[in-house]
Amino acid sequence: MHSKPIFIKHANQMITLKGSSAQPLTKEKMSELHIIEDGAVWIEEDIIKSAGTTAELEADYQSRLHDAEIIDASGKILLPGLVDPHTHLVYAGSREEEFNMRLNGATYMEIMNNGGGIHATTSMTRKASEEELVEASLVRLDRFLKHGVTTIEAKSGYGLDWETERKQLTAARKADELHPVDIIRTFMGAHAVPAEYKENPDAFVDLVIEEMLPKVAEEKLAVFNDIFCERGVFTPEQSRKLLEAGKKLGLIPKIHADEIEPYEGAELAAEVGAISADHLLRASDKGMEMMAEKGVIGVLLPGTAFFLMAEAARGRRMIDKGVPVALSTDCNPGSSPTCSMPFMMNLACMHMGLTPAEAITAATINAAHAINRAKDVGSIEAGKKADLLLLNVPNYMQMQYHYGMNHTDTVIKNGKVVVK
Ligand code: NIG
Ligand code: FE
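Numbering (UniProt numbering) for the sequence shown: 1 to 420.
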């Protein structure tokens, strides 16, 4: 059955980010936005058919206007649906006790090394059924959608055994089928060394490489392959080995790099040709330069620094050095229990030195590039998916200026109004 076309008109500012589908944006290009005033979009089925000024589209579609569902966007801004390129969506339980411990002085790594942290979520996730994981994920997906997010990446990594890693990825696939938000899956079997392998982490890395990666590829459970490269977790050597092994099976490398300590993770990301290096709180200048050279996207997670009360990544410096920067929530139960991309955009301005325009680019088209989806989403252009976000502010700067509030007015996903 065909649905009515949707005509959105009179957007005060329509932020198109057009012409950016081939390459992630760097330097000055991150500020361009390509805004159309009094903007309009014509949507048919799940696709943007045309984007331009209201006058242009009213002329072009004159004979069909009576047939369309009209959305008047006067006084509001229209942007591409937000993209979150790094989440740990699928998990059981929560860890507010650890939050309390950290407020009393314990560190994230101390908690993890004492069997809490990722290990705590792993034992809860191992016990949960696939259905329970789907249910918990759907609740979070609703929260993402209400904050204007229409596509996310989601990682496994709370199983650390094949059965549970697989269960997380199949739960993500089911949640994707059941919910309007699109989910792109990442395998992260090497998220922590499980207690069973504490004395022999190399054997665990070999297990992931030999037993898990081939099944992930064969069952097409994930597009990307990620590892937590951090002192006390996995070394750069182990990370290189695992990411190279994934590449041979067609899994694209991603890496949790230089989050807690400098560990040459950014350098490694450039060397293995990762699509993105994520976190980068302690990335070196050399690592940034190597990433810029190779076009590795820096996925910055300002909520993690905020919630761990750590100094934020040097986003300004990365952009100035030519790294294409994207933003993400890192949604997870330990270091960033949030689904709010708009708050991440605000933090990126306040703590990383990004401008509101750069934050928008980082949360849309560059985020889409970080998960290889820029051909479909991340900008408002004819032929792209009709994933759109209408915000109740008159210009894009007010989105960041009025902080800590949800300005979502309407969300359109795959050509359907899903939040109103
Ligand atoms: O991206 N750094 C490692 N992994 C997650 C946190 C996972 C957790 O604490 O449950 C992160 O911050
Ligand atoms: Fe993460």
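Each residue gets a CB set at the ideal place from its N, CA and C atoms; glycine is no exception.
Note that the structure is a prediction, hence the values are computed from the model and not measured.
query	result
Closest by CA to E264, which one among G295, K247 and C229?	C229
Is I255 close to the ligand NIG? I mean its beta-carbon at under 7 Å from any heavy atom of the ligand.	no
Is it buried or exposed, H147, if we count other Cβ atoms within 10 angstroms and call 16 or more buried?	buried
Using 8 Å as the threshold, is the stretch 41-50 in touch with the stretch 98-115, meaning 3 or more CB pairs across them?	no
Taking Y61 as the reference, which of F234, K49 and P253 has the closest Cα?	K49
Would you mind sorting Y91 into buried or exposed? The rule is 16 or more other CB atoms within 10 Å of its CB.	buried
In whole angstroms, what separates the C-alpha of P194 from that of H119?	7 Å
Taking the continuous alpha helix (DSSP H) assigned at V134, which residues delimit it?	E130 to K146
If I measure Cβ to Cβ from F307 and keep anything under 7 Å in the same chain, skipping five residues before and after, which residues do I get?	S335 and S336
Candidates F99, D161, G295 and T235: which alpha carbon is nearest K127's?	D161
Apart from the five residues just before and just after K420, which ones in its own chain have a Cβ nearer than 6 Å to its Cβ?	T410
For the structure I just gave you, are there three or more beta carbon pairs, one from the stretch 358-370 and one from the stretch 168-186, closer than 8 Å?	no
Mind checking K248: buried by the 16 CB within 10 Å criterion, or exposed?	exposed
From this set, S94, V134, E131 and M399, which residue's C-alpha is nearest T122's C-alpha?	S94
Who does E69 pair with in a DSSP beta bridge?	I6
Does the Cβ of H88 lie closer than 7 Å to at least one heavy atom of the ligand FE?	yes
Are the stretch 133-148 and the stretch 73-93 touching, with three or more C-beta to C-beta distances below 8 Å?	yes
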